[in-house]
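Everything below concerns the one structure shown next.
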Amino acid sequence: MPLSILRKTHFLRSPLKKKMATIVASMSPTHISPLTHLHSSPETNPPLSLFENCNSMDQLKQTHSQIIQKGIASEPILHSKIIAFCCTSKAGCMNYARYVFDTIPEPNVYIWNTMIKGYTRINCPNYAVSFYKEMLEKNIKPDTYTFPFLLKGYTSDAALQCGKLVHAHVCKFGFDSDLFVQRALVCMYSLCGQIDIACGVFDMSSKTDVVSWNVMISGYNRSKRFDESRKFFDAMGRKGVLPTSVTLVSVLSACSKLKDLETGKRVHLYIMNGNVDPSLILENALIDMYAACGAMDVALGIFESMTKRDLISWTVIVKGFVNSGQIDVARKYFDQMPERDSVSWTAMIDGYLRFNNFKEVLILFREMQTEKVNPDEFTMVSILTACAQLGALQVGEWVETYIDKNQVKNDIYVANALIDMYFKCGNTEKAVRVFEKMACRDKFTWTAMIVGFAINGQGKEALDILSDMLRASISPDDVTYIGVLCACTHNGMVNEGRNFFSSMTLDHGIEPSVAHYGCMVDLLGRAGHVTEALEVIKKMPMEPNSIVWGTLLGACRVHKNVEMAEIAAKELLQLEPNNGAVCVLLCNIYAVCNKLENLREVRHMMMERGIKKTPGCSLIEMNGIVHEFVAGDQSHPQSEEIYSKLEEIMEDLKFAGYLCNTSELSLDIGEEEKENALNRHSEKLAIAFGLISSEPRVTIRIVKNLRICVDCHHVAKLVSRIYDREVIVRDRTRFHHFRSGSCSCKDYW
DNA sequence: TTAGGGTTAG
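See the structure below:
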């Protein structure tokens, strides 16, 4: 809304004025019911009751026409009645109100107020304020009703400036001590996201009633400051203000977010004692509170005893089971729902997301579309998150197009999820395009950009983004710095990383967490400073976790440092005795360094303890379907074709000078067998499948659960050159963009 | 006045 609206008159000339006059004039006499009683002294006894019985604009217009015919249309009370109907009734029409308003020679403050109320009611606060301005120009003084009507129109962050100007007028006209005006101000500030100012007005109010308290409590909920909602509720009790069901619904919502079962139970008891009338909304709020606090038995008890349930009751139960980890039970209730809207679908989709079942997310999303339920922005964020995890670029792109075409609200959450999805699918160009189009960005946006560039090996771009972020006065947080350190790590920028690590605390007051120390270990270790990396671990103010030791172990593998590897592996196995990945890494290191005796020892220990290696798994999306391959997989319907293509590829590669790199294979087997095992790695199967299933020159995108092995890395480079294909592999830690025989990681991984 | 969303070291 333009601020100028209060400073300058923008009084609207009713475009429909002429049209309305025509409508009234054209009403044929047959439409008009005979109003014989109008003959009895109309001036002294206006037929007010006629207006009170009006149910539609047609009836109102008929009555109005009669009044005009009888020559009593200038009665002020009749004007008020017509305008009140048009402005406040559900069937009302502001254009007609405007038409009548223009015929009144000197409208009184009541009529002005009613017009303001009407424009606010139809969500046109700018028209309301124009009327207000016009009223002042006509020397009509506002009264205590004027401001609540005006203020009620300001309900969003964008309206705050206008709201504040109206507040100034409230003070100027001396209405700042009126209960209703104060309440309207509290409400306006609360809805415009300024709960602290609302609180200030509330504290200064001469009188407060339960409605004002309710406005404050719901305002804190809206600002996600649930702890303060609860404090207000307690304070209200101390002041002896009795809560209404509106209060309790808000308080229960806060309890649900705070997981405050104790206060929740107190509210439940208050309701059970008959202090407020029970309602569906109240019951829903109760089951939500119990479900959120993990008391699913109580939540279900209430749900089952309800005589009437709605979508929300069911959704809350589904969500409750998802939260308690019972995804199958959640699904059972979801399947039983009599009807489902986008919120219920999203609740179920989020359940699968939470349990990392990303494929099921996409399956459910397809079902949702089959049932013709339109996804909203919340659904889209969930789907994009699943696409990011799966590397499902085509589905992700489809989502972006769907959002544009179907006017799904493209808010900051959606844009941030899009950026994250594009980066995690290796498409940095599209991520940047989304970023550039954004009208406003928050710290999540900037952080997603930094992390995104970092994992894609574009360290310089990541650091440029950090500079832009600081220039835009957005404070980085701990996650931002994880991205920054990660960018330095993936690009071997050791000194820069060291500097960022110290400036993080010195300049931004962010205390390093175990994750930040982990990044430093990675930064130093990967660059070959393995001893210094161990020093960092020793000096950490907290206990190093398994990730930190695993990072050091990974660095030892790259730099073939057996001694340090043994230290790291020992520490790791103490923390996680059954971690298969550690044993495999240690085996890799022993194999590379030709320490076969140690290798056998580890293998023996693994067998004894029943430790299994995590099977390598690669995903590749083809025409919107995600295909999954594990090492040696033969379950794919096109398996035969895939293996014969793979054979062909290996022949082509050998012809081009490829030598199989079996150095990391920990098995005590012959060279041929080793080569065979390597050739069945999941990423090779996915590459072969990609080559036979897509058009020439189309990029092959693969997501792998483990780190890509040296041999597969080499093969991918050659494939990109020999077949002229861009191959993008996202492994556990980063992206490898293979183009024309080389990789974006510059073999630094 | 009741249900839902985003970034995180290996």
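All the letters of the first sequence, read from the start, carry residue numbers 11 to 759 under this note's numbering. Glycine included, each C-beta is placed from N, C-alpha and C at the ideal position. All of these numbers come straight from a predicted model, not from anything done at the bench.
In the three-state scheme derived from DSSP, where H, G and I count as helix and E and B as strand, residue 636 is classed as strand. In the assembly as shown, residue 107 is a buried residue. Its beta-carbon has 16 or more other beta-carbons within 10 Å.
In the DSSP assignment, residue 631 is bridged to 636. Taking C-beta separations shorter than 6 Å and ignoring five residues to either side along the sequence, the partners of residue 608 in its chain run 600, following chain order.
Contact annotation: the segment 378-388 does not touch the segment 642-661, with fewer than three C-beta pairs closer than 8 Å.
Looking at the backbone, the Cα of residue 137 and that of residue 171 are separated by about 16 Å.
Note on residue 440: 16 or more other CB atoms within 10 angstroms of its CB, so buried under the neighbour-count rule. When DSSP states are grouped into helix, strand and coil, residue 646 belongs to the coil group.
Considering only 475, 743, 519 and 586, the residue with the shortest C-alpha distance to residue 564 is 743. Contact between residue 285 and residue 260 does not hold, since the beta-carbon distance rounds to 16 Å and is not under 8 Å. For residue 114, no beta strand (DSSP E) run applies, since DSSP gives it neither H nor E.
Taking a C-beta distance under 8 Å as the contact criterion, residue 124 and residue 94 qualify as a contact pair. Per DSSP, reduced to three states, the secondary structure at residue 753 is strand. Sorting 119, 705, 668 and 330 by C-alpha distance to the C-alpha of residue 632 places 705 at the top.
Less than 8 Å separates the beta-carbon of residue 406 from that of residue 432.
Rounded to whole angstroms, the gap between the alpha carbons of residue 548 and residue 364 is 35 Å. Runs of the alpha helix (DSSP H) lying entirely within the segment 323-396 and spanning at least 4 residues, in chain order: 337-346, 352-364 and 368-380. The alpha-carbon separation between residue 739 and residue 627 amounts to approximately 12 Å.
Of all alpha-carbon atoms in 655, 615, 720 and 657, the one lying nearest the alpha-carbon of residue 602 is that of 720.
A distance below 6 Å between beta-carbons, with the five flanking residues on each side excluded, links residue 186 to the following residues of its chain, in chain order: 180.
Contact between the segment 485-502 and the segment 514-521 is present: three or more C-beta pairs spanning the two stretches fall below 8 Å. Exclusion of the five residues before and after residue 371 leaves 359, 362, 363 and 396 as the residues of its chain whose Cβ lies within less than 6 Å of its Cβ. By DSSP's assignment, residue 451 forms no beta bridge with any residue. In this chain, the alpha helix (DSSP H) harbouring residue 193 covers 189-201. Cβ-Cβ distances below 7 Å link residue 597 to 609, 612, 613 and 676 in the same chain, with the five nearest sequence neighbours on each side left out; the list follows chain order. Closest in alpha carbon position to residue 590, among 625, 604 and 606, is 625. In this structure, DSSP gives residue 492 a helical state, which the three-state scheme calls helix. Comparing alpha carbon positions, the residue from 554, 327 and 688 closest to residue 345 is 327.
Scanning 154, 243, 325 and 80 for the CA closest to the CA of residue 228 turns up 243.
In the DSSP annotation of this structure, the continuous segment of the beta strand (DSSP E) that includes residue 710 starts and ends at 710-714. Here residue 402 is buried. Its C-beta has 16 or more other C-beta atoms within 10 Å. Per DSSP, residue 740 lies in no alpha helix (DSSP H); the unbroken beta strand (DSSP E) holding it starts and ends at 737-740. Straight across, the Cα-Cα distance linking residue 114 with residue 210 is about 41 Å.
Excluding residues up to 5 positions away in sequence, 685, 688 and 721 lie with their Cβ nearer than 7 Å to the Cβ of residue 670 in the same chain. Bridge partners of residue 691 according to DSSP: none are assigned. The criterion of a C-beta distance shorter than 8 Å is satisfied by residue 233 and residue 203.
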